[in-house]
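K.L.:
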Amino acid sequence: MSCNASAGKGKLTTEVTFNPFREVEPQLEALSGTGNGLNEVPEHSLARVDYALEAEYGVNEQINVEYNISYIYHSMFAYFDRDNVGLPGFARYFMEASHDERHHAELLMRQQTLRGGRVKLQTIMVPETEYTHKEKGEALYAMELALSLEKLNFTKLRELWKIANEAEDGQLTDFIEGQLLHQQAIDIKQAAIYVSELRRVGKGLGVFEFDRYLQQDLAEREDGLRPLIHPLKSLAAKAD
Numbered sequence: 001m002s003c004n005a006s007a008g009k010g011k012l013t014t015e016v017t018f019n020p021f022r023e024v025e026p027q028l029e030a031l032s033g034t035g036n037g038l039n040e041v042p043e044h045s046l047a048r049v050d051y052a053l054e055a056e057y058g059v060n061e062q063i064n065v066e067y068n069i070s071y072i073y074h075s076m077f078a079y080f081d082r083d084n085v086g087l088p089g090f091a092r093y094f095m096e097a098s099h100d101e102r103h104h105a106e107l108l109m110r111q112q113t114l115r116g117g118r119v120k121l122q123t124i125m126v127p128e129t130e131y132t133h134k135e136k137g138e139a140l141y142a143m144e145l146a147l148s149l150e151k152l153n154f155t156k157l158r159e160l161w162k163i164a165n166e167a168e169d170g171q172l173t174d175f176i177e178g179q180l181l182h183q184q185a186i187d188i189k190q191a192a193i194y195v196s197e198l199r200r201v202g203k204g205l206g207v208f209e210f211d212r213y214l215q216q217d218l219a220e221r222e223d224g225l226r227p228l229i230h231p232l233k234s235l236a237a238k239a240d
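The numbering of the sequence shown is full-length UniProt numbering, which starts it at 1 and goes up by one.
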């Protein structure tokens, strides 16, 4: 919109170049073809505007990524919750991780419907049920797997951001950056810390102690005391 003003013979004249009634005509014409009867359910979204098909497909792919990772974490929770494994801290960690990934999928679903896209859920892969590893032990192996999954998820989110950016979709890029990418970076850092510490403690008593402090760490984060904590700092303080 622009407004040009000029003075002539003592009068101020203006020329408005933005005519909303004229410029909205294409939108009104498009709406007329979406089913506008009083008792009709529109076949297509009424809210959709400037939403690229590539972005819609990309969001559906990312929903599938989040649900697949959530499913794997749920399987890992069940493994560590067994009585013959007996690591409740790891069980809680992977249960919460599963919930987080499912929450991200739901955020993406709301984003999809917000923009007038259609959510199309896809097949979820059957995850492993055993997480034993002869050399590393189950705790380190599972946490390295978690770190790898978090990094893969970050890469997938970056790819979705690139699709949104190429479509010049500022709303979608802002959503990905603000709601998903930053938290994903935090999750990667936390998993990396746990991997580093588990590599130091070994497979026996060290894992038992790590599990206890993992429970403490998760409880403190739940209470909002510390968003990011090294669970074995207390062990180091004890040793001193």
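Ideal Cβ placement from N, Cα and C applies to all residues, glycine included.
Just so we're clear, the structure is a prediction, and the values are computed from it rather than from any experiment.
In angstroms with no decimal places, state the Cα-to-Cα distance between I229 and E222.
P.N.:
Caution applies to I229, whose pLDDT of 41 falls short of 50 and renders its modelled position unreliable; the value that the coordinates give is listed next. Using only the alpha carbons, I get a separation of about 12 angstroms.
K.L.:
Spatial neighbours of N19 within its chain, please: CB distance less than 6 angstroms, with the 5 preceding and 5 following residues excluded, ordered by chain position.
P.N.:
Here the set comprises nothing.
K.L.:
Just to confirm, are Y67 and R102 a CB contact at a threshold of 8 angstroms?
P.N.:
Against a cut-off of 8 angstroms, the Cβ pair of R102 and Y67 comes out as a contact.
K.L.:
Helix, strand or coil: how does DSSP classify M95 here?
P.N.:
Three-state DSSP puts M95 in a helix.
K.L.:
Near E96, which residues of its chain fall below 6 angstroms by C-beta distance, leaving aside the five closest residues on each side in sequence?
P.N.:
Once the five neighbours on either side are set aside, E96 has no close Cβ partner at all.
K.L.:
Which term fits R200, buried or exposed, when burial requires 16 or more other beta carbons within 10 angstroms of its beta carbon?
P.N.:
Label assigned to R200: exposed.
K.L.:
Exposed or buried, what is A146 when buried is set at 16 or more other beta-carbons lying within 10 Å of its beta-carbon?
P.N.:
The residue in question, A146, is buried, as its Cβ has 16 or more Cβ neighbours within 10 Å.
K.L.:
Roughly how many angstroms lie between the CA atoms of N165 and N84, to the nearest whole one?
P.N.:
Going from the Cα of N165 to the Cα of N84 covers about 49 angstroms.
K.L.:
CA-CA distance, F80 and F90?
P.N.:
Between F80 and F90, the C-alpha separation is close to 6 angstroms.
K.L.:
Shortest alpha-carbon distance to Q111 belongs to which of M125, K134, A47?
P.N.:
Among M125, K134, A47, the Cα nearest to that of Q111 is on A47.
K.L.:
Quick one: what does DSSP say Y79 is sitting in, helix, strand or coil?
P.N.:
DSSP places Y79 in helix when its eight states are reduced to three.
K.L.:
Do I176 and L198 have their beta-carbon atoms positioned less than 8 angstroms apart in this structure?
P.N.:
Not in contact: L198 and I176 (Cβ atoms no closer than 8 angstroms).
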